[in-house]
Amino acid sequence: MRERPRDPWLSLAALTPARIALGRAGASLPTREVLSFALAHAQARDAVHAGLDRPALARSLAALGLATVEVESEADGRDRYLARPDLGRRLAAPSRERLESLAHAPCDLCLMVGDGLSATAVAEHSPALIGAFLPHAARLGLKLAAVVIARGARVALGDDVALTLNARAVAVLIGERPGLSAADSLGIYLTYGARPGMTDAQRNCISNVRPLGLAPSEAAARLAWLVEAALSRGITGVDLKDESDALSHAAAEAPTLPR
Amino acid sequence: MPFRQRIKSTTYGFATLAELLAKASPARAGDRLAGIAAESAEENVAAKMALADLPLRDILAEPLVPYETDEVTRLILDTHDTAAFQAIASLTVGELRELLLEPASDSAALARLAPAITPEIAAAVSKLMRNQDLILAARKCRVVTRFRNTIGLAGTMAVRLQPNHPTDDPAGILAAIADGLMYGAGDAVIGINPATDSIARTDSLLRLLDDLIVRFAIPTQACVLSHVTTTLALMEKGAPVDLVFQSIGGTEGVNRSFGVSLAMLAEAQEAARALKRDTLGDNVMYFESGQGSALSANAHHGIDQQTCEARAYAVARAFSPLLVNTVVGFIGPEYLYDGKEILRAALEDHFCGKLMGLPMGVDVCYTNHAEADQDDMDAILAVLAAAGVTYIMGVPGADDVMLGYQSTSFHDALFVREAFSLKRAPEFEEWLREMDITDEAGHLLPPRSDHRLIANATTQRG
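Below, the structure written as structure tokens:
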């Protein structure tokens, strides 16, 4: 098929990721653009509805030497998950029993990996992120809980999980809402002293973790900075500003954490 | 006051007006999430039947949020035009629906009625109206506002040019603006959602827009959609502010969650008017709202999300805005689940705003986790055009790369103009002709690479 040309100001398109200079067929979009938009939306939709292969993720984490435990929220089924965020914040009763049955002494940090709105992001980027975080955890002397792999998860599910596991802080790794330009963004939410009823103002967020966004290795370093600050100051959220950029070039002393 | 409706052997009871309104609402996710929706299809219709028989006077007599504790309720009741209300004081909600659909309720009659319509009355009657009723009644409402052009004339629809950029890059923003202007968009406003709320950043964006508008003598207005406190601070520093933007909601609690109060909005309106940057009229405010914000802020008082939204229009109405729009599908599927729910909400919000006398636009939009796609947006857009929507958004390729959602595009606006024979604001339409962007009929001329607007955007590349 002979393609309709883009608009003659196509050179401006290099200045913005926005869809400009698309050209037109009458008043409407060229076929090429209709299909390119449809493809981006289809990929985002598939990411929203994809299920997380939890056994595969558990195997990847086991290869890093990590124990894992699988849990579910009360939101069973993808449609219910999307319509009822309140259910995605609560542990299903069998999952709570599973966590309670684990022998667990108090620990510094629980990592929870949840499908969120993009299982694609979680499957593709969470092992790399956790792999890059482990050396930091060792450097900080962190006592980690078993990694929790959650289905039907909202960020606040981590509050319930952290409380049940007696963890001082929880880092939730969760699939962000897919956009048209990227369907595989992972978000990280760190909460100190988590318990049900926390607000977003009490969390620190690292977003857009993906190879073409914030690289997993960089995100892991930022998370380590936040975890160290959160555990030593006893807070997360708006009162804990992420200054990891300013400190990244400073000589890192081996820090000790208050117990 | 308790309400009852008997259907065969079942009697449905509704303890309060808030419960009656919630259970009479067309189905939507946010009311289900709040636990206030009708529990069966029959209960929903029973509530509608009870609502149809409710005298309008009884709605005035039962504030949904206490007068003493909510400044939005005080605003609604203190500014209610009791003289205008006499025309409908003896009617029930069901009778008001029929009155609105009578040919005698023409543009002039509905304009006289607007100050008698409280948000609760508008919301109540909307719940008894089918989609076609919402279209027919709204299209008769005529609301005209002015700053540097004239918005809302019969036979016109305006477009906000929304040139957002993920990092507020000036060259990227100018490129998107040039694209939009070449597609004939931008008469409602050229409005940027900034990526951050920094004062310095907002200041430089305001100057960027002002330079462009002055350089090309564009008969339109600019806005950087910062928080009202940021805009106030910038006006004090002498920044070129045309319109003051703010997100608003329908209860004092929602507005507190947005960090605003009525006093703050009044101060901003006064400051913007004092700058006298308009040429045709002093409508200096731009408001956005959307169903679900009250539940999201945990400030809904058990009121359904559509009624909360209508109460936001009482806030808007107090400040004679140039533009008001509902951002209808932005909030996500937990509030409006799919294309059907988004379409219904768009028509309700547009109708309620128009009936209350507002220049009502709609951000026809959706997110990727909602059950909706471009076909749903086309249908909503066409239905709103039939209803006489004041303006829509123009986002390059419908893909907002900063806010991460899909709205309507410059192309979509051209589709509506062609399908419904709708013109732009007349001053802007004339400017496009003078700039050789459109022909005498307002259709786009063949694109040119050597156009002044393109050359301007290219040299900004730095």
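Top line first, the protein sequences correspond to chains D and L.
Mapping of the first sequence onto our numbering: residues 1 to 259, in sequence order.
Mapping of the second sequence onto our numbering: residues 1 to 462, in sequence order.
Positions of the beta carbon are idealized from the N, C-alpha and C atoms, including for glycine.
These numbers come from a predicted model, not from an experiment.
(message) Let me check understanding here. Comparing Cα to Cα, which of LEU20/L, LEU384/L and GLY281/L lies closest to THR326/L?
(response) LEU384/L
(request) State buried or exposed for MET157/L, treating a residue as buried only when at least 16 other CB atoms are found within 10 Å of its CB. (result) In this structure MET157/L is buried. Its beta-carbon is surrounded by 16 or more other beta-carbon atoms within 10 angstroms.
(message) Between the alpha carbons of ASP31/L and MET435/L, how many angstroms are there, rounded?
(response) Between ASP31/L and MET435/L, the C-alpha separation is close to 49 Å.
(request) List the residues of chain L that LEU165/D touches, going by C-beta distances under 8 Å, in chain order. (result) In chain order: nothing, as chain L lies at least about 28 Å away.
(request) Can you pull the chain D residues whose beta carbon is under 9 Å from the beta carbon of GLU334/L, in chain order? (result) Listed along the chain, the chain D residues whose CB falls inside 9 Å of the CB of GLU334/L are LEU82, ALA83, ARG84, PRO85 and ASP86.
(message) Taking 8 Å as the threshold (C-beta atoms), are VAL172/D and GLY158/D in contact?
(response) yes
(request) Mind listing the chain D neighbours of PHE415/L? Cutoff is C-beta to C-beta under 8 Å, in chain order. (result) Those are ALA27 and SER28, listed as they occur along chain D.
(message) With H, G and I counted as helix, E and B as strand and the rest as coil, what does DSSP make of CYS205/D?
(response) strand
(request) Leaving out five residues on either side along the sequence, give the residues of the same chain with a beta carbon under 6 Å from the beta carbon of GLU341/L. (result) ARG28
(message) So if DSSP puts ALA169/D in a beta bridge, which residue, or which two residues, is it bridged to?
(response) Paired residues: LEU109/D and TYR192/D.
(request) Classify HIS443/L as buried or exposed, calling it buried when 16 or more other Cβ atoms lie within 10 Å of its own Cβ. (result) With fewer than 16 other beta carbons inside 10 angstroms of its own, HIS443/L counts as exposed.
(request) Would you decide whether LEU39/D is buried or exposed? Buried here means 16 or more other CB atoms lie within 10 Å of its CB. (result) exposed
(message) Suppose contacts are defined by Cβ-Cβ distances below 8 Å. Is VAL93/L in contact with LEU128/L by that definition?
(response) Yes, the pair counts as a contact, with Cβ atoms nearer than the cut-off.
(message) If contacts are defined as beta-carbon pairs under 8 Å, then ALA221/L and PHE147/L qualify, I think. What distance do you get, rounded to the angstrom?
(response) Checking the displayed sequence, the identity of residue 221/L turns out to be Gln instead of Ala. Contact flag correct, Cβ pair sits at about 5 Å.
(message) Using only CA atoms, which one of ALA239/L, ASP187/L and LEU432/L lies nearest to ASP203/L?
(response) Per the Cα distances, ALA239/L.
(message) Would SER40/L pass as an interface residue toward chain D - the criterion being a Cβ-Cβ separation below 8 Å?
(response) no
(request) Please go through the same chain and pick out, in chain order, the residues whose beta-carbon is closer than 7 Å to the beta-carbon of LEU275/L, but skip the five residues on each side of it. (result) Answer for LEU275/L: MET235 and VAL241, listed in chain order.
(message) Spatial neighbours of ALA178/L within its chain, please: C-beta separation below 8 Å, excluding the five flanking residues on both sides.
(response) LEU453, ILE454, ASN456 and ALA457
(request) Put LYS423/L into one of helix, strand or coil per three-state DSSP. (result) In the structure shown, LYS423/L sits in a strand (DSSP, three-state: E or B).
(request) Say whether chain L places a C-beta atom closer than 8 Å to the C-beta of ARG89/D. (result) no
(request) Could you please give the first and the last residue of the uninterrupted alpha helix (DSSP H) stretch that includes SER40/L? (result) Per DSSP, SER40/L belongs to no alpha helix (DSSP H) and is neither H nor E.
(message) So that I know if they touch, is there some Cβ in chain L lying closer than 8 Å to that of PRO196/D?
(response) no
(request) Return the chain-ordered list of same chain residues with a C-beta closer than 6 Å to the C-beta of ILE331/L, the five sequence neighbours on each side being excluded. (result) GLY290 and GLY292
(message) Between the alpha carbons of ARG154/D and ARG89/D, how many angstroms are there, rounded?
(response) When rounded, the distance between both Cα atoms is 5 Å.
(message) Helix, strand or coil, according to DSSP, for GLN306/L in the structure here?
(response) helix
(request) Just the C-alpha distance for GLU440/L and GLU33/D, rounded to the nearest angstrom, thanks. (result) 29 Å
(request) Mind listing, in chain order, the continuous beta strand (DSSP E) runs of no fewer than 3 residues lying wholly within the stretch 44-119 of chain D? (result) 68-72 and 107-114
(request) Would you please verify whether the beta carbon of ALA457/L is less than 8 Å from any beta carbon of chain D? (result) yes
(request) Enumerate in chain order the residues of its own chain whose CB-to-CB distance from VAL224/L is below 6 Å, with the five nearest sequence positions on each side excluded. (result) ILE192, PRO194, THR202, LEU205 and LEU206
(request) Check distances from the C-beta atoms of the stretch 371-397 of chain L to those of chain D and list, in chain order, the residues that come in under 9 Å. (result) GLU371, ASP373, GLN374, VAL395, PRO396 and GLY397
(request) Starting from the C-beta of LEU208/L, find all residues in its chain whose C-beta is less than 6 Å away, skip the five residues before and the five after it, and write them out in chain order. (result) PRO170
(message) In the DSSP output, which residue or residues are listed as bridge partners for SER289/L?
(response) THR326/L
(message) For a contact defined as C-beta to C-beta under 7 Å, what are the partners of ALA24/L on chain D?
(response) Within 7 Å Cβ-Cβ: nothing; ALA24/L doesn't reach chain D, min ~21 Å.
(request) Report buried or exposed for ILE76/L, applying the criterion of at least 16 other Cβ atoms within 10 angstroms of its Cβ. (result) Under this definition ILE76/L is a buried residue.
(request) Verify the contact flag: TRP431/L, CB atom, against every heavy atom of the ligand SAH, threshold strictly below 7 Å. (result) This structure simply doesn't include the ligand SAH, nor any ligand for that matter.
(request) With 7 Å as the limit, tell me which residues of the stretch 172-190 of chain D have their beta carbon closer than that to any beta carbon of chain L; keep them in chain order. (result) ARG177, PRO178, GLY179, LEU180 and SER181
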